[in-house]
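Note that my numbering gives residue 76 to position 74 of the sequence shown, counting from 1, and the numbers run on in steps of one.
All C-beta atoms in this analysis are idealised placements derived from N, C-alpha and C, irrespective of residue type, glycine included.
Small disclaimer: the values here were computed from a predicted structure and weren't measured.
Take a look at the structure set out below.
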Amino acid sequence: ALCTLAVWGLTSLMMPAFVVAPSTLEKQQLDMPQPERAAALAAAAALIPEVAHAANNGYALQQLFSAIFVIGLGPAVLFWIYFNKPELL
3 ALCTLAVWGL
13 TSLMMPAFVV
23 APSTLEKQQL
33 DMPQPERAAA
43 LAAAAALIPE
53 VAHAANNGYA
63 LQQLFSAIFV
73 IGLGPAVLFW
83 IYFNKPELL
């Protein structure tokens with residue numbers, strides 16, 4: 003019974019779901035005029051440089067120390083294996 007329920011659940015997830023296409027009247031209502039579309043695109047493009055400056059120096063230091071830790075971890079593990087478990091090499 004549990005297997006049947008699991009198979010039924012998986013098939014219901016994989017079944018395609020169809021949605022009726024919007025009518026032409028709805029499409030016309032959703033269309034944005036060209037000047038408004040250009041203004042919205044320009045506003046979004048103007049905000050992109052601000053997003054790049056969202057990180058602060060603390061995050062940069064954290065990234066630096068994480069990189070040092072990860073780069074140093076590889077040789078440390080190899081040395082530990084070499085001196086403690088040489089049969090693994």
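- The three-state reading of DSSP puts S25 in coil, since its state is none of H, G, I, E or B.
- Contact check for L90 against I83 passes: the beta carbons are separated by less than 7 Å.
- For the pair L80 and G60, the Cα-to-Cα distance works out to about 31 Å.
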